[in-house]
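Quick notes on the structure that follows.
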Amino acid sequence: MKKIKLYMILGLFAAFAFVGSAHAQNAYSAAFTTSITYQNVGTGPATLVFSFYPENDGTAIPYDTTLAQNAGGSLFVGNINDLTPGFNGSAVLSSDQPVVATMVQISSDSAIKNRPLSNGFSNGAPEFLLATVLKNQFNSTTRFSVQNAHSTSVDLTLEFYNASNPSASPIQITHDNLPPGAAKYFDMGQISQISASSFNGSAVISAVESGTSTPANIVASALELSTNGVAASSFEGVSGGASTVYMPSALCDAFGGQNTAYAIQNTGTTTAN
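With the working numbering, you'll find the sequence shown wraps up at 278, consecutive numbering, no jumps.
As structure tokens, this is what we get:
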């Protein structure tokens with residue numbers, strides 16, 4: 006049977022770096038450990054292989070397991086002996102049955118109660134979009150990661166669009182020779198090309214096979230972290246848009262004072278209304 010693959014970007018800061026009882030001053034400076042929750046949604050028992058890749062490194066560290074039909078499992082990355090503390094990276098989950106997987110980011114700081122979630126990807130695309138990337142904006146800064154979901158090394162081009170100045174040319178950075186399965190991390194607070202003290206915008210990430218103009222597949226996820234508190238959230242990038250988008254939650258001081266904020270990105274080639 007053909008192997009089915011899921012692409013997973015692990016911790017968007019540190020896949021695991023427990024610091025005991027120490028408390029970070031905010032979520033942006035905290036460490037996180039990834040727990041991968043997965044389920045076999047196929048028609049029989051599954052043989053699974055987790056291939057872990059250090060950041061920007063194509064050498065896989067395997068972890069094998071099995072799972073009964075319809076059963077679920079959880080793999081705490083901090084318990085894998087072959088991964089050293091401080092590991093930053095990605096994973097590819099291969100299975101002989103269809104599977105789904107969600108990554109749970111767990112902070113070692115007991116003050117950070119919420120656990121950001123993001124899902125694995127069954128396939129990639131030559132372009133991925135992040136509708137919001139922040140640097141010291143709304144008391145938050147974004148860390149995001151791009152994973153190579155292609156069969157060869159890829160070259161990345163990232164363009165950052167300034168929501169506060171839509172007429173400004175996008176800020177462009179590149180990263181070459183990202184190995185298959187591996188991920189590259191980007192911290193909006195550390196990107197030198199974004200020199201302003203704060204930034205509110207979006208990102209468009211494209212990939213080609215290294216040294217060519219041939220489109221190549223990638224995936225991307227983001228972690229949005231408070232710079233003055235304990236708030237932390239995560240979301241997946243998308244590979245395209247639509248003229249109508251449905252948002253099943255819209256809150257205004259509901260459920261004890263929760264509110265919804267939307268970041269809307271134009272994925273087309275002309276001005277949108």
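All residues carry an ideal CB built from backbone N, CA and C; glycine is no exception.
Please state whether DSSP places residue i in a helix, a strand or coil.
i	result
S203	coil
A51	strand
N170	coil
S145	strand
Y12	strand
G194	coil
S34	helix
N84	helix
L256	coil
Y267	coil
K189	strand
Y68	strand
A76	coil
Q152	strand
K140	strand
N93	coil
I117	coil
T42	strand
Q102	coil
Within the same chain, show all residues whose beta-carbon is closer than 6 Å to that of residue i, passing over the 5 residues directly before and after it, in chain order.
i	result
A173	N167
S99	K8, K10, V54
A277	N271
L80	I41
H180	L161, K189
F133	I210, I223, A225, G242, S244
G77	Q44
T4	Since the first and last residues shown for the chain are 6 and 278, residue 4 lies out of range.
So, under 8 Å CB-CB, residue i and residue j are touching, yes? Tell me the CB distance rounded to an integer number of Å.
i	j	result
I210	L161	6 Å
N31	T274	The pair is not a contact, with the Cβ atoms about 38 Å apart (cut-off 8 Å).
Do residue j and residue i come within 8 Å of each other at the CB atom, strictly closer than that value?
i	j	result
F149	A225	yes
Y12	A154	yes
S127	S239	no
L135	S215	no
A237	T137	no
M193	L256	no
Leaving aside the five residues before and after residue i along the sequence, list all residues of the same chain whose C-beta is less than 7 Å from its C-beta, in chain order.
i	result
S202	N141
S26	Bear in mind that a pLDDT of 41 at S26, under 50, signals an unreliable position, so the number given afterwards is only what the model happens to contain. Closer than 7 Å at Cβ, skipping near neighbours: no residue.
In its own chain, which residues sit with a C-beta less than 8 Å from the C-beta of residue i, not counting the 5 before and 5 after it?
i	result
Q74	N45, G47, T48, G49, P50, A51, Q102
Y58	T64, A65, I66, G94, S95, A96, V97, P184, G186, A187, A188
Would you be able to state if there are at least three C-beta pairs under 8 Å between the region 137-147 and the region 112-121? no
Say whether the region 186-198 touches the region 92-108, bearing in mind that this needs 3 or more beta-carbon pairs closer than 8 Å, one atom from each stretch. yes
Are the region 247-254 and the region 35-48 touching by the rule of at least three beta carbon pairs closer than 8 Å? no
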